[in-house]
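Undergrad:
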Amino acid sequence: MNNTDQFFNRTVIGHPAALFVLFFTEMWERFSYYGMRAILVIFLTGAILGDNPGWGWSSSSALSLLGTYAMFAYLAPLVGGWLGDKKIGYRKAVVIGALLMTIGHAAMAVETPVFLYIGISLLVVGTGFFKPNITSIISKIYEGRDDKKDGAFNIFYMGVNAGAFLGIMLCGWVGERVGWS
Numbered sequence: 410m411n412n413t414d415q416f417f418n419r420t421v422i423g424h425p426a427a428l429f430v431l432f433f434t435e436m437w438e439r440f441s442y443y444g445m446r447a448i449l450v451i452f453l454t455g456a457i458l459g460d461n462p463g464w465g466w467s468s469s470s471a472l473s474l475l476g477t478y479a480m481f482a483y484l485a486p487l488v489g490g491w492l493g494d495k496k497i498g499y500r501k502a503v504v505i506g507a508l509l510m511t512i513g514h515a516a517m518a519v520e521t522p523v524f525l526y527i528g529i530s531l532l533v534v535g536t537g538f539f540k541p542n543i544t545s546i547i548s549k550i551y552e553g554r555d556d557k558k559d560g561a562f563n564i565f566y567m568g569v570n571a572g573a574f575l576g577i578m579l580c581g582w583v584g585e586r587v588g589w590s
């Protein structure tokens, strides 16, 4: 019995149940990433006073922060992937990344500039651990099962796209209708 055969003991539509855990994990990670990106500039540039106050930043300052965050969020996986591959393992890297991103979002909810920067920094580091290693777990699960691997990544990337779509659509709507706090 191949090491990866154990994953195929419980299947859903011909794929291991573990794939769907990864699907939903990635979907919510993308929801948080794109949702936060969708509302960050709106919140930062919002009027300080009013029914739904923001922080009153200039557009250039808010967009600069967003661009810097996005740049580091795409650079950090270079280090996180190496650490997951060579030092700590994929699973541990994904768990560390998820925890750091959760703490990062919680820090941003404090609504002070210091906690905003702490939160964004934790999101960057968490993304660095999370993103490259979750796809490596899928590759590991499907080792020796190349006939199923393409389908697995199709399903997984449906989760990526669903999370991005829902994050962009729902976070902005909730921020505007319900409030930022």
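Residues 410 to 590 (our numbering) are what the sequence shown spells out, left to right. Think of the CB as a built atom: it goes at the ideal place given N, C-alpha and C, for glycine as much as any other residue.
#1: Alpha carbon to alpha carbon, how far is Leu474 from Val504?
#2: Which class does Val583 belong to by DSSP, given the choice of helix, strand or coil?
#3: Let me know the secondary structure DSSP gives Thr420 once reduced to three states.
#4: According to DSSP, what are the bridge partners of Pro522?
#5: Given a cut-off of 8 Å on the beta-carbon distance, is the pair Gly455 and Gly463 in contact?
#6: Quick one: Cα of Leu449 to Cα of Ala573, how far?
#7: Quick one: Cα of Val583 to Cα of Ile527, how far?
#8: Helix or strand or just coil, what does DSSP make of Met410?
#9: What does the alpha-carbon distance come out to for the pair Val587 and Ala447?
#10: Evaluate Met410 with the Cβ neighbour count: other Cβ atoms within 10 Å of its Cβ, from every protein chain shown; 16 or more gives buried, anything less gives exposed.
#11: Could you give the distance in angstroms between the alpha-carbon of Phe562 and the alpha-carbon of Ala507?
#12: What did DSSP end up calling Pro486 once you bin it into helix, strand or coil?
#13: Does any residue of chain C bring its CB to less than 8 Å from the CB of Ala573?
TA: If we stick to the structure as given:
#1: So the alpha carbons of these two residues sit roughly 26 Å apart.
#2: Of the three classes helix, strand and coil, the one that applies to Val583 here is helix, per DSSP.
#3: Strand, per DSSP.
#4: Looking at the DSSP assignment, Pro522 forms no beta bridge with any residue, so it has no partner.
#5: Yes, Cβ-Cβ distance for Gly455 and Gly463 is below 8 Å.
#6: Cα to Cα, the separation comes out at about 15 Å.
#7: Between the alpha carbons of Val583 and Ile527 lies a gap of roughly 24 Å.
#8: Because Met410 sits at a pLDDT of 45, beneath the cut-off of 50, its placement in the model cannot be relied upon, and the following sentence gives the value as read from the coordinates. Reduced to three states, the DSSP call for Met410 is coil.
#9: Rounded to whole angstroms, Val587 to Ala447 spans 15 Å at the Cα level.
#10: Low confidence applies here, because Met410 scores a pLDDT of 45, under 50, leaving its location unreliable; read the following figure in that light. Here Met410 is exposed: its Cβ has fewer than 16 other Cβ atoms, across all protein chains shown, within 10 Å.
#11: The straight-line gap from Cα to Cα measures roughly 20 Å.
#12: Three-state DSSP puts Pro486 in a helix.
#13: Looking at the structure shown, chain C is missing, and only one protein chain is on hand.
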